[in-house]
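Input: a single structure, listed below in structure tokens.
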Amino acid sequence: MLGLILISYFVGVWGSPDDRLSISGGYNATKGEFPYIVTIQECPLYPECIQLCNGVIISKSWILTSGHCVDLFVEGIWKEVYAGITNLDDPNKQNRSVEKSFYHENLNKTYPRQFDIGLVKVTKPFEFNELVQAAKLPKQDAEVLLEEGHLAGWGKTHPSDKNFPKNLQAVEVPVIDFQDCVNEYTKHGVEMPDYNNSAICTGPMGEGKGACNLDYGGPFQQDNLVVGIVSGIIQCSPTGGLTLYTKTSSYISWISEHIDEELTF
39 MLGLILISYF
49 VGVWGSPDDR
59 LSISGGYNAT
69 KGEFPYIVTI
79 QECPLYPECI
89 QLCNGVIISK
99 SWILTSGHCV
109 DLFVEGIWKE
119 VYAGITNLDD
129 PNKQNRSVEK
139 SFYHENLNKT
149 YPRQFDIGLV
159 KVTKPFEFNE
169 LVQAAKLPKQ
179 DAEVLLEEGH
189 LAGWGKTHPS
199 DKNFPKNLQA
209 VEVPVIDFQD
219 CVNEYTKHGV
229 EMPDYNNSAI
239 CTGPMGEGKG
249 ACNLDYGGPF
259 QQDNLVVGIV
269 SGIIQCSPTG
279 GLTLYTKTSS
289 YISWISEHID
299 EELTF
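Each position in the sequence shown, counted from 1, maps to that position plus 38 in this note's numbering.
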């Protein structure tokens, strides 16, 4: 009965299992490689929990994620955050419950999403060590270079896989010109809004390297700075690979106004 209930919950939140994919074309991340990444889980029948999205530790008590991840939170269902792990079965994780959460007041809830950024506060501060640390963020309005960076998250490594890997996946991908991103979205029948330089894209199409649904809220790191938060994708498949991110530097002032702890730059 528990299994049936959990399957029903999965389908209700995410759709069919094959729709819930994740990083493709990547590798198993090593412990400490992304010490700021967390998995955000909902627990419809605690302690049974399921992954909802990812997040980035930005201070001892605060996590940065996508706004639409926070919008998916179901009121009244227990939520947990796991830090300090690469394997989801690792018992040595720091687990915290969620005290409060909110997303940007101008979040566009239809895809593709503008102002797609949110914050989560945990009930107990994280204990920082070599495996759990706050991410370094760029300064307000800092530009993102058209260079390689790393994307990380948990989930499937290939669309045909029946199961999700337990280990954190990462992949190296280049930032592409944003107009190229707009052109690709247009080819797929999606009209892009005017992001006003508040979003970035990685690609290119056709290489099968990028994010998928369960990577929402996760980090894109470039030169040891988290410069993007996963917001959207095109074609989660071996022939796809275009990932859309909220540009972190566009929201540093907003973040600082809404949290009660210092950021790391």
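Where a beta carbon is used, it is the ideal one built from N, C-alpha and C, also for glycine.
Just so we're clear, the structure is a prediction, and the values are computed from it rather than from any experiment.
Which of helix, strand or coil does DSSP assign to E168?
Shown here, E168 sits in coil according to DSSP, grouped into three states, outside any helix or strand.
Nearest-angstrom Cα distance between L280 and S287?
Going by the C-alpha atoms only, they are around 21 angstroms apart.
Express the C-alpha separation of D128 and S139 in angstroms, rounding to a whole number.
Going from the Cα of S139 to the Cα of D128 covers about 26 angstroms.
Residue range of the unbroken alpha helix (DSSP H) whose run includes S294:
Following the DSSP letters along the chain, one finds S294 inside the alpha helix (DSSP H) bounded by residues I290 to H296.
Using 10 angstroms around the beta-carbon of G255, count the other beta-carbons present and answer buried if the total reaches 16, otherwise exposed.
G255 comes out buried.
Express the C-alpha separation of K159 and N133 in angstroms, rounding to a whole number.
If you take the alpha carbons of N133 and K159, they lie about 13 angstroms apart.
Distance check for W192 and E165, CA to CA, integer angstroms please.
Those two C-alpha atoms are separated by around 22 angstroms.
Cutting at 8 angstroms between CB atoms, please list the residues of its own chain near I115, excluding the five before and the five after it.
The answer, listed in chain order, is E80, C81 and P82.
If you pair each beta-carbon of the stretch 173 to 193 with each one of the stretch 148 to 163, do three or more pairs fall below 8 angstroms?
Per the Cβ contact rule, the stretch 173 to 193 is not in contact with the stretch 148 to 163 (fewer than 3 Cβ pairs under 8 angstroms).
Measuring alpha carbon to alpha carbon, tell me which of N262, V211, A208 and T284 ends up nearest D232.
Looking at the Cα atoms, T284 is the closest of the given residues.
Have a look at the DSSP bridge pairing and note the partners of R134.
Its beta-bridge partners are V119.
Could you name the residues of the same chain whose beta carbon sits closer than 8 angstroms to that of K147, not counting the 5 residues immediately before and after it, in chain order?
Scanning its chain for C-beta atoms nearer than 8 angstroms, with the 5 sequence neighbours on each side dropped, one finds around K147 the residues H106 and D109, in chain order.
Cutting at 6 angstroms between CB atoms, please list the residues of its own chain near N66, excluding the five before and the five after it.
In chain order, N205 place their CB closer than 6 angstroms to the CB of N66, counting only its own chain and leaving out the 5 sequence neighbours on each side.
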